[in-house]
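Undergrad:
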Amino acid sequence: MSNVIGIAGNQIIEAVDVFNGNYVTYTPQGFVDAVQQAGGLPFVIPIGDPSQAAAYVSKIDKLLLAGGQDVSPQFYNQEPHQKLEETNFARDSFEIALIKEARKQHKPIFAVCRGMQLLNVALGGTLYQDLSLYADWQIKHAQQPTKPQFATHDIFVEKDSLLYQLLGEKSQVNSYHHQAIHTLANDLIVTAKSADGIIEAIESRDPKLSLLGVQWHPELRFNVSEKEFKLFDFFVNEL
Ligand code: MN
């Protein structure tokens, strides 16, 4: 099993108080640590031109999409709602190109939080720009200031999913999102929901196009939760 993991990187472009004001490319350390601990070789892919996506994807075995900014709503044909937070059009365009290439080249994808939402948009789905637009919203999905190593809400996992093999029918997760999947892309299936019906995990309808998407942050809990580490171990070694 080859396991070179390309992690789509983010940018700090307002580095006023850090890095002496320099712009930087980065990814959260938890992704690097978890992939390495699972035996994978992580490479951070800097945001680039979408035309470079094919070349980048050809160098990796699997693609990891991290969290971060809101997805720009123009990618699902909506105007920005007043509650939309920061977006980065360049990151979205490039990561959408990476997703399309990964599927074309049959490279598995693990998508976390914003990554899962972007994956849905890249395949034709839409998002709630803010959870207040979801009629049945009841649960606190933005758990701050509670620290991310603490799981705060339940998820209920569908049988016959990859996720069920890893987590069982019920699990507890951390939660740092104010957006959620609204209409699901045709190529995807829902594999877990919260008690208020928010989509918390997705997989591929076609099992040959391997993908796993989660709405929570396993990279911030894999060192305190065996279940969360299993997600990385499965992605690196089996997906
Ligand atoms: Mn949640």
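Position one of the sequence shown corresponds to residue 47 (my numbering), numbered consecutively onward. We put the CB at the ideal spot given by N, CA and C, even for glycine.
I think Leu258 touches Leu208, with their Cβ atoms under 8 Å apart; what is that distance to the nearest whole Å?
TA: Right, the Cβ-Cβ distance comes to about 6 Å (below 8 Å), so this counts as a contact.
Undergrad: Flag Gln261 as yes when its Cβ comes closer than 6 Å to any non-hydrogen atom of the ligand MN, and as no otherwise.
TA: Yes, since a heavy atom of the ligand MN falls inside the 6 Å radius drawn around the Cβ of Gln261.
Undergrad: Should Gln190 go down as buried or exposed, given a rule of 16 or more other Cβ atoms within 10 Å for buried?
TA: With fewer than 16 other Cβ atoms within 10 Å, it is exposed.
Undergrad: What is the DSSP secondary structure of Glu131, reduced to helix, strand or coil?
TA: Glu131 falls in the coil class under three-state DSSP.
Undergrad: So, helix, strand or coil for Ala226, using DSSP?
TA: Reduced to three states, the DSSP call for Ala226 is strand.
Undergrad: Helix, strand or coil for Gln57 per DSSP?
TA: It is a strand residue.
Undergrad: On the three-state DSSP scale, how would you describe Ala136?
TA: It is helical.
Undergrad: The ligand MN heavy atoms versus the CB of Ser207: any closer than 6 Å?
TA: Ser207 Cβ: outside cutoff for every heavy atom of the ligand MN.
Undergrad: Can His187 be considered in contact with the ligand MN, in the sense that its beta carbon sits closer than 6 Å to one or more heavy atoms?
TA: Checking the Cβ of His187 against the ligand MN gives yes.
Undergrad: Mark Glu360 as exposed unless 16 or more other C-beta atoms lie within 10 angstroms of its C-beta, in which case mark it buried.
TA: Residue 360 falls outside the range modelled here, since the chain spans only 47 to 285, and no answer is possible.
Undergrad: Could you tell me which whole beta strand (DSSP E) segments of length 3 or greater appear in the region 184 to 239?
TA: Whole beta strand (DSSP E) segments, 3+ residues: 199 to 203, 216 to 219, 234 to 239.
Undergrad: What do you get for Arg160, buried or exposed, if any count of 16 or more other CB atoms within 10 angstroms of its CB means buried?
TA: Label assigned to Arg160: buried.
Undergrad: Rounded to the nearest angstrom, what separates Ile245 and Lys186 at their Cα positions?
TA: Distance between the alpha carbons of Ile245 and Lys186 is about 14 Å.
Undergrad: How many Å lie between Lys239 and Ala247 at the Cα?
TA: Distance between the alpha carbons of Lys239 and Ala247: 7 Å.
Undergrad: In terms of residues, what are the limits of the beta strand (DSSP E) holding Ala157?
TA: Segment 155 to 158, the beta strand (DSSP E) holding Ala157.
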